[in-house]
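Here this note's numbering is used: the first residue of the sequence shown is 6, the next is one more, and so on.
One structure below.
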Amino acid sequence: MRVFPKTQCVRAFAALLSVSASLASAQVTPAARDSAVRQLDTVVVTPDRSATSVRTSAVAVTAVPGALIRALPFRSVGDALAIVPGIAVIDASSLSGNPRIIARGFYGGGETDYVPAQIDGVPIAALGTGAVDWTMLPLGAFSRLELVRGATSYIHGDAALGGTLNTLIPILPEALSWRAAGGSYGLADAALHAASNLNAFAASIAGDYRRSDGYRIDETSSAWNVLAKIGPGEGTYRPATAGVTHGSVSSVNGFVQLHGRDFKDPGPLPSTTVDPRARNAFFRFDDLSDRTDRAGIVANRETPAAKYAGYLVGEYATSRAVKTLPLSTDFADTKLRRTTAPRVLTSGQIELGDDVPGEFGRLI
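Set out below in structure tokens:
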């Protein structure tokens with residue numbers, strides 16, 4: 006056996022690496038580099054009230070694509086916020102579906118929410134309490150979530166101390182998707198999203214239904230949504246940048262949303278209880294049943310001098326709730342509350358100028 010000197014081995018190994026690198030560089034042609042997929046910056050409007058890229062935004066904003074949320078086993082949009090930095094999600098239900106959001110330490114304890122939610126820029130928090138019904142957001146219909154964290158969210162209301170969430174549900178020219186799932190403890194989940202182009206108009210409808218018997222006694226819950234939208238057809242369709250169709254010369258979108266939910270609350274489990282499925286005796290009557298119907302229009306217009314946007318929404322909400330407040334270990338107070346809350350929401354915005362170098366700037 007012939008033994009080569011160490012220096013010759015090193016030189017031979019270096020020559021082999023040089024040849025391999027030459028072959029690898031020869032295989033990467035300009036055509037291959039040109040065909041590479043390029044990921045563009047997401048355009049958001051939630052933090053700045055105007056179309057702004059994530060890269061240039063000066064606030065803490067996270068844009069999450071809807072496809073990512075639907076690919077993960079979340080039961081609601083509120084549950085999905087757990088993947089966003091700075092957000093913690095706890096659930097009042099043993100099988101999830103009733104989330105409570107904590108943004109940078111701000112927590113409403115289930116009585117209110119310091120992270121209000123919006124659908125295409127229209128707020129959905131309850132009129133009386135400011136609490137968000139997270140089951141009101143259809144999981145399979147939105148294209149993107151925009152979540153702002155920190156005090157910059159104040160422009161979306163006095164309750165937006167921890168942040169604000171905007172779910173974007175554009176009207177696509179053609180779309181059809183559905184899903185259905187089931188499991189133990191009476192778990193059922195179904196959703197449908199369809200869109201079609203009708204010449205001058207485009208229409209979409211999204212619906213979902215969720216129910217569960219719960220792990221604990223008296224923990225039954227159910228929720229359903231129907232959201233229908235109509236707007237400009239394929240000939241005039243241009244994707245919305247983030248809830249506002251700034252790219253269109255003029256557009257008017259109308260929508261109708263119906264929502265209902267019903268769930269029972271077994272109460273906190275005392276530390277002295279042996280059975281993990283038991284209910285708290287003080288909470289044996291606790292039940293919530295509510296219904297929210299809303300309809301409205303969202304209008305946008307873009308001219309060379311300015312951009313205009315606004316919405317007008319009418320809502321009629323009813324609720325019947327039996328709720329217990331534990332005052333001590335051996336005493337609690339149970340109340341029945343019936344609520345009827347009609348309201349009208351409206352907002353308008355005018356944007357002048359742009360961030361183009363040489364211009365005077367942008368005024369909103």
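Note that CB positions come from ideal geometry on N, CA and C, so glycine has one too.
Residue range of the beta strand (DSSP E) that leucine 374 falls in? Outside the modelled stretch of the chain, which goes from 6 to 369, sits residue 374, for which no answer is possible.
Roughly how many whole angstroms lie between the Cα atoms of threonine 246 and threonine 277? Note on threonine 246: pLDDT 42, under 50, position unreliable in the model; no value is reported.
Determine the contact status of leucine 192 and tryptophan 183, defining contact as a CB-CB distance below 8 Å. no
Express the C-alpha separation of valine 82 and glycine 147 in angstroms, rounding to a whole number. First, the amino acid is wrong: residue 147 is phenylalanine here, not glycine. Answer to the nearest angstrom: the Cα atoms are 10 Å apart.
If you run the structure through DSSP and keep just helix, strand and coil, what is leucine 144? coil
Between the alpha carbons of lysine 328 and isoleucine 160, how many angstroms are there, rounded? 33 Å
Spatial neighbours of aspartate 84 within its chain, please: CB distance less than 7 Å, with the 5 preceding and 5 following residues excluded, ordered by chain position. Val94, Ser101 and Pro104
Quick check on this structure: which residue in Thr308, Gly259, Ile88 and Leu152 has the alpha carbon closest to the alpha carbon of alanine 165? Leu152
Straight-line gap, leucine 77 to glycine 114 (C-alpha atoms, nearest Å): 26 Å
State the beta-bridge partners of glutamate 151 as determined by DSSP. Ala68 and Asn171
Can you name, in chain order, every residue of its own chain whose Cβ lies under 7 Å from the Cβ of glycine 358, other than the five neighbours on each side? Glu364, Phe365, Gly366, Arg367 and Leu368
Using only the alpha-carbon positions, how far apart do valine 261 and aspartate 292 sit? 27 Å
Report all residues from its chain with a CB closer than 7 Å to the CB of valine 2; omit the five preceding and five following residues, and keep chain order. For the chain, the structure presents residues 6 to 369; residue 2 sits outside this window and is missing.
Test item: CB-CB of valine 120 and alanine 108 under 8 Å: yes
Neighbour-count burial assignment, serine 255, 16 or more Cβ in a 10 Å radius: exposed
Does the region 227-240 come close enough to the region 203-215 to have 3 or more Cβ pairs within less than 8 Å? yes
Give the C-beta separation of asparagine 258 and valine 318 to the nearest angstrom, bearing in mind that I take them to be a contact with Cβ-Cβ under 8 Å. Contact flag wrong, Cβ pair sits at about 12 Å.
How long is the line joining the alpha carbons of leucine 181 and proline 175, rounded to whole angstroms? 14 Å
Expressed to the nearest angstrom, what Euclidean distance is found between the alpha-carbon atoms of glycine 219 and serine 62? 42 Å
Whose C-alpha, out of Arg154, Ser201, Val137 and Asp194, is nearest the C-alpha of leucine 177? Ser201
For a test of the three-state rule: what should DSSP assign to aspartate 84, helix, strand or coil? helix
Which of helix, strand or coil DSSP assigns to arginine 296: strand
Arginine 216 to glycine 188 span [Cα, whole Å]: 11 Å
If we count the other Cβ atoms within 10 Å of its Cβ and call it buried at 16 or more, is glycine 133 buried or exposed? exposed
Closer than 7 Å by C-beta to phenylalanine 290: which residues in its own chain qualify, once you throw out the five before and the five after it? Chain order, please. Val327 and Thr339
Leaving aside the five residues before and after alanine 199 along the sequence, list all residues of the same chain whose C-beta is less than 6 Å from its C-beta, in chain order. Leu181 and Ile210
Does isoleucine 160 come out as helix, strand or coil in the three-state DSSP assignment? helix
Counting C-beta neighbours from all protein chains within 10 Å, is the total for tyrosine 316 16 or more, i.e. buried, or is it exposed? buried
Return yes when the Cβ of aspartate 118 is within less than 8 Å of the Cβ of isoleucine 106, no when it is not. yes
Using the beta-carbon count (16 or more within 10 Å), is serine 58 buried or exposed? exposed
By Cβ distance, which residues of its chain are closer than 7 Å to alanine 36, with the 5 residues on each side in sequence left out? Residue confidence is low: alanine 36 scores 49 on pLDDT, short of 50, so the model does not pin down where it sits. Its coordinate-derived value is still stated next. Excluding residues within five positions, none has a Cβ falling inside 7 Å.
Span of the beta strand (DSSP E) holding aspartate 267? 255-269
Quick test of your reading: serine 227 and aspartate 267, contact by CB under 8 Å. State the CB separation rounded to the nearest angstrom. 5 Å
Using CA coordinates, which residue listed in Ile355, Gly301, Leu263 and Asp280 is at the minimum distance from threonine 308? Ile355
Environment of glutamate 224 [buried if 16+ CB atoms lie within 10 Å]: buried
Alpha-carbon to alpha-carbon, arginine 80 and leucine 144: 8 Å
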